[in-house]
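First to last, the protein sequences are chains H and S. Sequential numbering from 156 applies to the first sequence in this note's numbering. Sequential numbering from 89 applies to the second sequence in this note's numbering. Don't be surprised by glycine CBs; every beta carbon is placed ideally from N, CA and C. One structure below.
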Amino acid sequence: MEFMHLIKPGVAAPAASSTSGACNVKIHTAALFQILEIVAKQIISPEKRILGTLLGYRSEDGLEFEVRDAFMVPCDETGDSIAIEDHQHKILYQLYKKSHPKESVLGWFGTSNEIDNTTGLIHDFYSKGSDRAYPFPAIYLNIKFRDNEGNIISPEIKSYLGGSIGKKQELNKVGWKTVVPNNSYVFQPIPNEVITGTVTEKLSLNNLLNNKLSGKFDNNNEFKHDLSYLSQQINMIIELINKLLKKLETFEVNDENLELLRNLSNNLNNPSSLSDVEVLKKHFQDHNQDVIMIEYLTKVVKEQIELSARLTVSSDKSRD
Amino acid sequence: MKKYQEPTAKSIDIEASVLLSLIRNTSENYPAIFSGALFGFEDDNGSVDISHVCPYPYPDQYEGGSLKSRSGLKFQNEFADSLKSLGYGVEFQGWFQSTISGNYITNHLVESLIQQQFINKNSFILIHNMASIGKEVDLKAIRLTENFIKTYIDNKWKSKDLELNKLSFLNIFEEIPININNQYLIDLYLSENLPQLNQSKLNEFDNLNLLSNQNVTSKLLESLSIQVDNYNFDQNNFNYYQRQYSKENTKINQWKNNRKLENLERSKRGESELDVNEWQSLYKLPVEPSRYNNMLYSNAIDNLADDLLKKCDEELIKSFAVEGKVTE
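The structure is reproduced here in structure tokens:
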């Protein structure tokens, strides 16, 4: 999907960033799967609306959103109005906050095929009040999984920032609830990408991808230690090196690249011994000796434990 | 009276999101150990389906620490309540925990797990071995074996009792196979976006951080040496018992021989024989100490040693390959 927006859409949130630049939403695979699972388990009728809260980090300049988790919030839709169980949302959010104190509500996700009046109402709910995105702007993530004929399709993910239009209206008191009926939003699409966090996570995702047809979690990668696996891994490394070289060609020294620079200097700042073949050979020999020694001693420990267990048993038998 | 019930679960089915989020929690908190509760239900095909994960708020202070903590339990119950209020019919099924190799085999963990297995025969714990040697991601689901639980119920830990229940340090735990249970929508998404996901851009230069996992060997060695110390301490007690036992035994045998000779003399003189079992009131054989800790330490050492050996093999292969190329 290509995006061309020159400035960040104007949003009416007190803490919305003043810098204008391109917005970006990063969705963790775990969060995405969670949303898909919520959707898959809740489909009762095509008309039923499913929505939930997005949780994660937002960058200091307010231009980047990182969706790390999500939960469902029950709602009841009748005609043009919608009742969101905000009590449920509050409980779940506070529970989540306990284990993830640094994360906050980023916005919400839904599954509709089009942006309608209700979309604005929900967005309004998430843009205001405590325990929601307020005072930051809320984002809206839509998962479209049905085509217009109602057939299930591969989920399409779109993200939006809602910019409010029109003049703010007076506060309306309806019963004991304060309703601010500002549901005029203009939803501007912003780019999103699906990411994986840690290296381990990436590895398990690859595992999922490779085994998605068999449904097995292939825990025994040892079986894959054949040549095709090896060549696959080597190709990956070559690809990575190429990418790195490409990146270095157009390199900017800034804070973002600091970690990369540090790693590179750690790895490449080699001691002089690396160029002297004899010294290098000696290093390798010493290292291999050490490893063999560790291996030998470990084997001895392991066998001793077994021996001790056996001796105890046999001494016990001879006693009776 | 607690009774052993045979578990009916033949496998653990985990949903993809649960797998990814638990791995994210364990790997982001590394090197601290991290645990949480797993929720799901038992299906009709003899497996436990895990659909939700609840990471505990804080990393563990020691192996199995959060499993018994009150704050952890409270948090877990609140989480369960909120799942119920959302209409999910799920219940607590087990835990997950990160660890390094065999370090998870501790008193605390075994005690929590066995209590849980008494409540629900299909309880288990998912162990994420962060050392992950020879594997990309080392994840296994384990529960205590029948042999162990029966011995635990009898609460007798002498070598004789272990022999009776056919329990050794090698069969304390049994492993349950893990399957991944994808929702249809996720499969659909995966197959459609396969090439894109395969080259997800973020963090790929993280691989350059060679220092991240470098000291696995030294960590393993450290753990191994701690476990060997523990083992030795326990074994010293046992050795003391064995020495005492043989000492007393010699005395008893001497006494028995004397009595035999005496009886022979008496029968020659036509006197009645003296009781040959009188030694029981005169001597007392020492009682064998419990072998419980010995078994746990042995199992931990065995696990650590296995991982260490694998690691060494890996290291040697790499080292020889690189050496051949670099110094030729």
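Distance between residue j and residue i (C-alpha atoms, nearest Å)
{"i": "residue 324(S)", "j": "residue 452(H)", "result": "21 Å"}
{"i": "residue 472(H)", "j": "residue 466(H)", "result": "10 Å"}
{"i": "residue 371(S)", "j": "residue 470(H)", "result": "21 Å"}
{"i": "residue 110(H)", "j": "residue 310(S)", "result": "The displayed coordinates of chain H run from 156 to 475. Any statement about residue 110(H) would go beyond what the structure contains."}
{"i": "residue 289(H)", "j": "residue 282(H)", "result": "5 Å"}
{"i": "residue 370(H)", "j": "residue 137(S)", "result": "The predicted position of residue 370(H) is uncertain, since its pLDDT is 49 and thus under 50; a value taken from the coordinates is nonetheless stated next. Roughly 13 Å between the two C-alpha positions."}
{"i": "residue 315(S)", "j": "residue 462(H)", "result": "17 Å"}
{"i": "residue 446(H)", "j": "residue 320(S)", "result": "25 Å"}
{"i": "residue 367(S)", "j": "residue 350(S)", "result": "14 Å"}
{"i": "residue 415(S)", "j": "residue 432(H)", "result": "6 Å"}
{"i": "residue 238(H)", "j": "residue 202(H)", "result": "15 Å"}
{"i": "residue 378(H)", "j": "residue 224(S)", "result": "The predicted position of residue 378(H) is uncertain, since its pLDDT is 43 and thus under 50; a value taken from the coordinates is nonetheless stated next. When rounded, the distance between both Cα atoms is 12 Å."}
{"i": "residue 197(H)", "j": "residue 201(S)", "result": "33 Å"}
{"i": "residue 360(S)", "j": "residue 337(S)", "result": "27 Å"}
{"i": "residue 407(S)", "j": "residue 165(S)", "result": "50 Å"}
{"i": "residue 171(S)", "j": "residue 110(S)", "result": "17 Å"}
{"i": "residue 312(H)", "j": "residue 441(H)", "result": "55 Å"}
{"i": "residue 253(H)", "j": "residue 419(H)", "result": "37 Å"}
{"i": "residue 399(H)", "j": "residue 107(S)", "result": "30 Å"}
{"i": "residue 228(H)", "j": "residue 292(H)", "result": "19 Å"}
Listed by chain order, chain S residues near residue i by CB distance under 9 Å
{"i": "residue 454(H)", "result": "393, 397"}
{"i": "residue 194(H)", "result": "271, 273"}
{"i": "residue 243(H)", "result": "170, 173, 174"}
Contact list for residue i against chain H, beta-carbon separation under 7 Å
{"i": "residue 104(S)", "result": "188, 363"}
{"i": "residue 126(S)", "result": "Here the premise fails: no neighbours, minimum Cβ distance about 15 Å."}
{"i": "residue 414(S)", "result": "435"}
{"i": "residue 29(S)", "result": "Residue 29(S) is absent from the structure shown; chain S starts at 89 and stops at 416."}
{"i": "residue 145(S)", "result": "253, 254"}
{"i": "residue 111(S)", "result": "355, 356, 359"}
{"i": "residue 155(S)", "result": "In chain order: nothing, as chain H lies at least about 16 Å away."}
{"i": "residue 411(S)", "result": "439"}
{"i": "residue 107(S)", "result": "359"}
Partners in chain S for residue i, counting only beta-carbon separations shorter than 7 Å
{"i": "residue 442(H)", "result": "407"}
Cβ-Cβ distance between residue i and residue j below 9 Å
{"i": "residue 345(H)", "j": "residue 184(H)", "result": "no"}
{"i": "residue 298(H)", "j": "residue 275(H)", "result": "no"}
{"i": "residue 388(S)", "j": "residue 193(S)", "result": "yes"}
{"i": "residue 241(S)", "j": "residue 263(S)", "result": "no"}
{"i": "residue 258(H)", "j": "residue 212(H)", "result": "yes"}
{"i": "residue 185(S)", "j": "residue 140(S)", "result": "no"}
{"i": "residue 126(S)", "j": "residue 177(S)", "result": "no"}
{"i": "residue 312(S)", "j": "residue 180(H)", "result": "no"}
{"i": "residue 178(H)", "j": "residue 316(H)", "result": "yes"}
{"i": "residue 103(S)", "j": "residue 309(H)", "result": "no"}
{"i": "residue 399(S)", "j": "residue 308(S)", "result": "yes"}
{"i": "residue 270(H)", "j": "residue 220(H)", "result": "no"}
{"i": "residue 280(H)", "j": "residue 241(H)", "result": "yes"}
{"i": "residue 253(S)", "j": "residue 322(S)", "result": "no"}
{"i": "residue 195(H)", "j": "residue 272(S)", "result": "yes"}
{"i": "residue 458(H)", "j": "residue 404(S)", "result": "no"}
{"i": "residue 218(S)", "j": "residue 96(S)", "result": "no"}
Residue i, enclosing alpha helix (DSSP H) - first and last residue
{"i": "residue 243(H)", "result": "241-254"}
{"i": "residue 277(H)", "result": "272-282"}
{"i": "residue 167(S)", "result": "158-173"}
{"i": "residue 114(S)", "result": "104-117"}
{"i": "residue 78(S)", "result": "No statement about residue 78(S) is possible, as the shown extent of chain S runs from 89 to 416 and does not include it."}
Residue i - containing beta strand (DSSP E), residue span
{"i": "residue 340(H)", "result": "340-345"}
{"i": "residue 178(H)", "result": "Note, residue 178(H): premise wrong, no beta strand (DSSP E); not H, not E."}
{"i": "residue 134(S)", "result": "Taken as a continuous stretch (DSSP letters only), residue 134(S) belongs to no beta strand (DSSP E), as it is neither H nor E."}
{"i": "residue 301(H)", "result": "294-301"}
{"i": "residue 259(H)", "result": "259-265"}
{"i": "residue 224(H)", "result": "219-228"}
{"i": "residue 185(S)", "result": "179-187"}
{"i": "residue 213(H)", "result": "206-213"}
Where residue i meets chain H, residues with beta-carbon distance less than 8 Å
{"i": "residue 163(S)", "result": "250, 253, 254"}
{"i": "residue 316(S)", "result": "456"}
{"i": "residue 403(S)", "result": "446"}
{"i": "residue 312(S)", "result": "453, 456"}
{"i": "residue 309(S)", "result": "449"}
Neighbour list for residue i in chain H, Cβ cutoff strictly below 9 Å
{"i": "residue 179(S)", "result": "Near residue 179(S) there are no residues of chain H at all, since even the closest Cβ is about 16 Å away, more than 9 Å."}
{"i": "residue 115(S)", "result": "352, 353, 354, 355, 356"}
(request) Pull out every residue of the segment 379-393 of chain S whose Cβ sits closer than 7 Å to any Cβ of chain H, in chain order. (result) Those would be 386, 389, 390, 393, in chain order.
(request) Determine which residues of the segment 247-277 of chain H have a Cβ less than 8 Å from any Cβ of chain S, and write them out in chain order. (result) Taking 8 Å as the Cβ-Cβ cut-off against chain S, the residues of the segment 247-277 of chain H that qualify are 247, 250, 253, 254.
(message) Taking beta-carbon pairs under 9 Å, can you tell me which members of the segment 247-276 of chain S lie near chain C?
(response) Among the chains of the structure shown, chain C does not appear; the protein chains present are H and S.
(message) Taking beta-carbon pairs under 9 Å, can you tell me which members of the segment 322-338 of chain S lie near chain H?
(response) 323, 326, 330, 333, 337
(request) Give the residues from the segment 294-310 of chain H that approach chain S closer than 9 Å (Cβ to any Cβ), ordered along the chain. (result) 298, 300, 307, 308, 309, 310
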